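Structure first, commentary second.
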Amino acid sequence: MTTTMPTSTAPVLPPAPSSLALVGRAVDFWRVQFRRTWRGTWASTVLTPLGFLAAMGLGLGSIVDNGSGASTLGGVSYLDFIAPGLLAASVMQQASFESSYPVLGAIKWARQYHAQLATPLRVRDALAGHVLWVGLRLSISAAVFLVVMALFGTLQSWWAVLCLPAAVLTGLAFVPGIFAYAATLETDSGFALLFRFAIMPMFLFSGTFFPISQLPDWLEPLAYVVPLWHGVELCRDLALGTVTWGASLGHVAYLLLWVAGGFALALRTFTRRLVT
Amino acid sequence: MIVARGLVKRFGDFTAVDGIDVEVGRGEAFGFLGPNGAGKSSTMRMIGCVSPVTDGTLRVLGHDPAVDGPRIRSRLGVVPQEDTLDFELSVLENLIVYGRYFGMSRRDAAERGRQLLEFVQLEERASSQVEPLSGGMKRRLTIARSLINDPDMLLLDEPTTGLDPQARHVVWDRLFRLKQRGVTLVLTTHYMDEAEQLCDRLVVMDGGRIAAEGSPASLIRDWSTREVVELRFAADDTEEHGKKVEALVEQADRPLRALVTRVEVLPDRVLLYSDDGDATVNELHRCGVEPQSVLVRRSSLEDVFLRLTGRSLVE
């Protein structure tokens with residue numbers, strides 16, 4: 131029997147791909163994966179804004195506008211008031227779904243991250259690629275929502291075009307943070323807690339349905355901390371054309387801070403979970 | 008292709024790999040053989056540049072995984088212990104998305120993917136879902152996927168664990184073909200027959216250390232005898248007979264002493280390690296030992312393995 135002895139001739143390695151290329155490869159995977167399921171998502175993408183605006187804006191709005199609502203809202207119809215708030219809030223809601231189950235799945239169930247990490251991709255590439263993909267998904271939904279808003283006649287200014295990036299930024303403020311949380315979970319029961327005690331209260335009390343000045347005084351400062359309130363205010367100012375540079379840039383900066391902080395946190399929990 | 012010196016992997020207080028030295032050359036088929044928990048998978052994951060080295064030095068394809076992980080991984084093919092196939096994608100799409108991770112265009116990945124499906128005999132399943140495939144088919148698909156980037160070295164962590172005998176033989180046949188083509192294979196297994204079939208050289212690992220190293224034949228030569236005589240007695244007096252046989256062998260004036268290197272008394276049978284099984288059996292008869300059945304067989308890697316890692320169950 132012949133035995134091959136170890137030789138010292140190692141193959142020549144190709145140069146390392148750029149980070150951008152690696153992140154792009156991860157985005158591409160999620161795109162291909164989405165193509166198999168996208169048909170099922172269209173209905174909810176279109177029906178969510180239609181349902182919300184018809185029921186809350188027109189239905190509830192007719193009562194609000196005939197009552198004391200008009201003065202509280204500064205002369206803006208309830209439909210116009212609520213539409214940009216719903217845009218920001220529903221993008222946040224979608225962001226939280228897209229950042230929860232699919233992330234734990236890619237760690238534990240389908241293990242796509244593990245497949246990726248056996249290739250040239252690093253943890254940060256897998257993470258950034260998935261976050262970016264969720265951002266792309268959010269921009270599709272936000273664009274559809276904006277078209278529906280336009281059809282309902284709720285866009286009062288050309289600034290409204292910027293509602294698209296503003297809403298996506300609002301969603302993205304939550305994405306990496308929830309990624310970070312998902313990477314610490316063993317089962318999906320932690321997501322029920324997240325939706326019930328974080329996402330739902332934010333959805334209701336961040337100025338989406340009524341101005342936060344209507345909140346009890348002790349609760350009002352809390353709303354300023356919540357990123358959704360900044361997203362709602364930003365989208366509303368853009369849709370109604372009431373933009374002031376200082377306030378709007380402040381909102382953008384605050385939301386960006388959440389994106390960056392969440393990403394740093396996610397990189398830590400992802401590394402701890404995936405690199406052992 | 009691999010050079011490891013004093014390689015250590017610790018998880019907290021637990022030492023999974025306890026200072027091993029390994030060298031694997033180009034074109035070799037190298038095996039890590041050991042019971043569960045011996046440190047095989049931890050070693051493989053370090054070589055695959057997905058698990059950081061705790062201590063010691065490791066060079067894979069001539070480079071340091073801590074520095075050049077992505078570059079090294081771009082030239083490796085990995086078959087992990089647990090499949091990481093995407094059940095929501097078709098068989099061919101699984102190969103295409105994996106090829107994309109290596110920077111291949113969709114067209115190139117699809118073309119190479121089709122060739123690889125042919126190689127692992129799954130070409131008729133190209134457009135079917137992954138979920139309903141049998142365990143053996145999924146394993147073959149994972150092997151096809153690991154080859155998408157035409158790797159310099161293939162790492163296989165327990166490639167046939169859990170497969171039925173037919174499926175195992177198909178996998179072995181494909182791996183043997185790769186070996187013939189000059190692909191460097193590194194695999195872990197706890198199947199002796201797998202190691203004997205595929206490996207030019209292997210190490211036996213136990214408790215995070217290397218217990219022995221060599222070709223399957225040289226390991227058998229060094230750690231066992233040419234043949235093994237297995238004696239079975241009536242159900243409940245195996246131990247009594249075993250003691251008697253041990254006593255016979257130990258008597259200095261008997262020819263048995265020269266024939267038998269080692270006696271092992273197991274609950275159900277007595278093993279005599281000898282270079283001449285038939286002569287041993289004749290001598291036993293002459294001494295009045297009358298077992299219910301006698302089997303003379305060639306020594307296998309399993310005898311080496313059990314000698315080195317013990318017979319007690321590791322869990």
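For the record, the sequence lines run as chains C and B.
Mapping to our numbering: the first sequence position 95 is 225, numbers consecutive.
Mapping to our numbering: the second sequence position 187 is 194, numbers consecutive.
Heads up, the beta-carbon is just placed ideally off N, CA and C, and yes, glycines get one too.
Predicted, not measured: the structure shown is a model, and the values here were computed from it.
For residue 15 (chain B), the nearest beta carbon of chain C is not closer than 8 Å to its own beta carbon. Using a Cβ distance threshold of 8 Å, residue 24 (chain B) and residue 14 (chain B) count as a contacting pair. Taken residue by residue, none of the region 310-336 of chain C has a beta-carbon sitting less than 9 Å from a beta-carbon on chain B.
With the criterion set as a beta carbon lying under 8 Å from some beta carbon of chain B, the members of the region 245-261 of chain C are 245, 246, 247, 248, 249, 250, 251, 252, in sequence order. Think of a sphere of 7 Å around the beta carbon of residue 55 (chain B): the chain C residues whose beta carbon falls inside it are 248, in chain order.
Spatial neighbours of residue 35 (chain B) in its own chain (CB-CB distance under 7 Å, excluding positions within 5 residues in sequence) are listed in chain order as 191, 207, 208.
Boundaries around residue 311 (chain C) are those of the alpha helix (DSSP H), 293-312, since no beta strand (DSSP E) includes it.
Residue 110 (chain B) belongs to the set of residues whose beta carbon lies under 8 Å from a beta carbon in chain C. Taking a cut-off of 8 Å for Cβ pairs, the region 184-193 of chain C and the region 267-278 of chain C do not touch, as fewer than three such pairs fall below it. Remark: fewer than three beta-carbon pairs, one from each stretch, lie closer than 8 Å, so the region 236-249 of chain B and the region 53-64 of chain B are not flagged as touching. The beta carbon of residue 406 (chain C) sits closer than 8 Å to some beta carbon of chain B.
Remark: C-beta atoms of residue 154 (chain B) and residue 133 (chain B) do not approach each other more closely than 8 Å.
The Cβ atoms of residue 147 (chain C) and residue 77 (chain B) lie closer than 8 Å to each other. Per DSSP, reduced to three states, the secondary structure at residue 253 (chain C) is helical. Residue environment for residue 111 (chain B): buried (at least 16 other C-beta atoms within 10 angstroms of its C-beta).
Taking C-alpha positions only, residue 298 (chain B) is separated from residue 316 (chain B) by approximately 28 Å. Rounded to whole angstroms, the Cβ separation of residue 345 (chain C) and residue 335 (chain C) is 7 Å, and the two are in contact under 8 Å. Residue nearest to residue 237 (chain C) within the set C:312, C:160, C:365 is C:312 (criterion: CA-CA distance). Annotated three-state conformation of residue 154 (chain B) is coil, per DSSP.
For residue 113 (chain B) and residue 379 (chain C), the gap between their C-alpha atoms comes out near 41 Å. Two segments are said to touch when three or more pairs of C-beta atoms, one from each, lie closer than 8 Å; by this definition the region 389-400 of chain C touches the region 309-324 of chain C. Note that the C-beta distance between residue 365 (chain C) and residue 303 (chain C) is not below 8 Å.
In the DSSP annotation of this structure, the continuous segment of the beta strand (DSSP E) that includes residue 191 (chain B) starts and ends at 191-196. Annotation: the region 96-147 of chain B contains the following complete segments of the alpha helix (DSSP H) (minimum length 4 residues), in chain order: 98-108, 113-126. Looking at B:11, B:21, B:151, the one whose alpha-carbon comes closest to that of residue 214 (chain B) is B:21.
Between residue 247 (chain C) and residue 368 (chain C), the C-beta gap is not smaller than 8 Å, which leaves the two residues out of contact.
The alpha-carbon of residue 115 (chain B) is positioned some 14 Å away from that of residue 101 (chain B). Per DSSP, the beta-bridge partners of residue 305 (chain B) are B:234.
Residue 157 (chain B) has a beta carbon lying at 8 Å or more from every beta carbon in chain C. From the beta-carbon of residue 81 (chain B), the residues of chain C found nearer than 9 Å are 143, 144, 146, 147, 249, 250.
For residue 173 (chain C), the enclosing alpha helix (DSSP H) begins and ends at 168-182. If you ignore the 5 residues before and after residue 233 (chain C), its C-beta comes within less than 6 Å of the C-beta of 309, 312, all in its own chain and listed in chain order. Within the model, the alpha-carbon separation for residue 213 (chain C) versus residue 337 (chain C) is close to 12 Å. CA-CA distance, residue 299 (chain C) to residue 361 (chain C), rounds to 8 Å. Between residue 227 (chain B) and residue 281 (chain B), the gap from beta carbon to beta carbon reaches 8 Å or more. For residue 48 (chain B), the number of other beta carbons within 10 angstroms of its own is at least 16, and it is reported as buried.
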